[in-house]
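Those letters in the sequence shown? Residues 20 to 263, by the working numbering.
Beta carbons are placed, not taken as given, at the ideal position from N, Cα and C, and that holds for glycine.
Just so we're clear, the structure is a prediction, and the values are computed from it rather than from any experiment.
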Amino acid sequence: MWEIRKRFKDYEQRKVFAGVLDEQTLFTLYKLSNKGAFDVLYGFVKKGKESSVILAEQKDGRFVAVKVHAISAATFKRIWPYLEGDSRFYNIRHNKRAVIFAWCKKEFKNLSTAYKAGVLCPEPVAQLNNVIVMEFLGEDLTPAPRMCDVDFEDEKLIENIFKDVVENIKKLYSAKLVHGDLSFYNMLWYKEKPYFIDFSQGVPLSHPNAEYLLRRDIENVCKNFAKLGLTVNPEKIYEEVVSS
Ligand SMILES: Nc1ncnc2c1ncn2[C@@H]1O[C@H](COP(=O)(O)OP(=O)(O)O)[C@@H](O)[C@H]1O
Ligand SMILES: [Mg+2]
């Protein structure tokens, strides 16, 4: 049953994985690998209390990112406020695991919607339980840097990146989705473009908080750009997005 361990690239990695991922998650990874979502697991891109991201390779040599939401009290505590009051989750509210699975499914659905709408984001590959598999953004086993970790200096480039970011927000909006946690922390600088990641907090436009979250996303992004010396009016951008 725990054949998934053979999928880890080498013995050292196996030990690292075993220490972080619980048995149930290992079994989910095993099932996903059997379905062809990936073949070999390389190592952690990011290791965290609530979520980890692993670099993996498919049989055809394509690299994917495997995002694992920890089945933990900490994860439950963080995500429950977003789901509380949503009648769809009423029946599972006492089941931490089921709530985390539903959260993960929602993230994958949001990512798929975004990708289909032409937003710059990783291509979705597969999802099961608390695991999401998507295109790996990076080169030579190195993940693309987060936008908050890049030193942008060229004024013209910064203006163009801003245009691309606004374009992404508009495309999301036209697909009736708001990211909900947008800032340079959830954007990767890949192929000279800003890619959106981490759609777990995304909400449909029909959600009661959608307008608030959209305004907040735009304000956060404008703050990020203000630090790079670009003055932009969030209110104007908001109007531009909702009238697009
Ligand atoms: N598709 C991807 N390709 C490359 N790196 C990724 C990818 N998805 C996530 N990462 C890396 O993992 C980190 C955490 O991912 P994220 O989805 O933001 O999870 P969270 O913020 O919930 O921990 C990102 O900041 C990025 O460095
Ligand atoms: Mg994030």
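Looking at the backbone, the Cα of residue 61 and that of residue 170 are separated by about 28 Å.
In the structure shown, the three-state DSSP call for residue 263 is coil. Annotation: the region 86 to 172 contains the following complete segments of the alpha helix (DSSP H) (minimum length 4 residues), in chain order: 92 to 102, 115 to 135.
A direct Cα-to-Cα measurement between residue 232 and residue 135 gives close to 21 Å. In summary, residue 161 is exposed, with fewer than 16 beta-carbon neighbours lying within 10 Å of its beta-carbon over all protein chains present.
Within a 10 Å sphere around the beta-carbon of residue 148 sit 16 or more other beta-carbons, which makes this residue buried. Of the heavy atoms belonging to ligand 1, at least one sits nearer than 8 Å to the Cβ of residue 216. Assignment of beta-bridge partners to residue 84 by DSSP yields 74, 153. Assignment of residue 57 by DSSP, reduced to helix, strand and coil, places it in the coil class. Here residue 177 has 171, 244, 247, 248, 249 as same chain residues with Cβ atoms under 8 Å from its own Cβ, once five neighbours each way along the sequence are excluded.
Remark: the shortest separation between the CB of residue 141 and any heavy atom of ligand 1 falls under 8 Å.
When distances are taken from the beta-carbon of residue 236 to the heavy atoms of ligand 2, even the shortest one reaches 8 Å or more. In this structure, the C-beta of residue 67 approaches ligand 1 to less than 8 Å from one of its heavy atoms. When DSSP reads this structure, residue 215 sits in a beta bridge with 206.
The residues 200, 205, in chain order, have a CB closer than 7 Å to that of residue 217 in the same chain once the five nearest residues on each side in sequence are set aside. In the DSSP assignment, residue 247 falls outside any alpha helix (DSSP H) and carries neither an H nor an E.
If you check the CB distance, residue 89 and residue 44 come in under 9 Å. Inter-residue distance for residue 127 and residue 120 is about 11 Å (C-alpha atoms, whole angstroms).
Residue 223 carries a strand assignment under DSSP once its states are collapsed to helix, strand and coil. Residue state for residue 40 is assigned as coil, using DSSP reduced to three classes. Taking C-beta atoms under 8 Å as the contact rule, residue 212 and residue 183 qualify, at a distance of about 6 Å.
DSSP places residue 190 in the uninterrupted alpha helix (DSSP H) bounded by 174 to 193. Looking only at 130, 140, 94, the smallest Cα-Cα distance to residue 67 is reached by 94. In the structure shown, residue 240 falls within a helical segment according to DSSP collapsed to helix, strand and coil.
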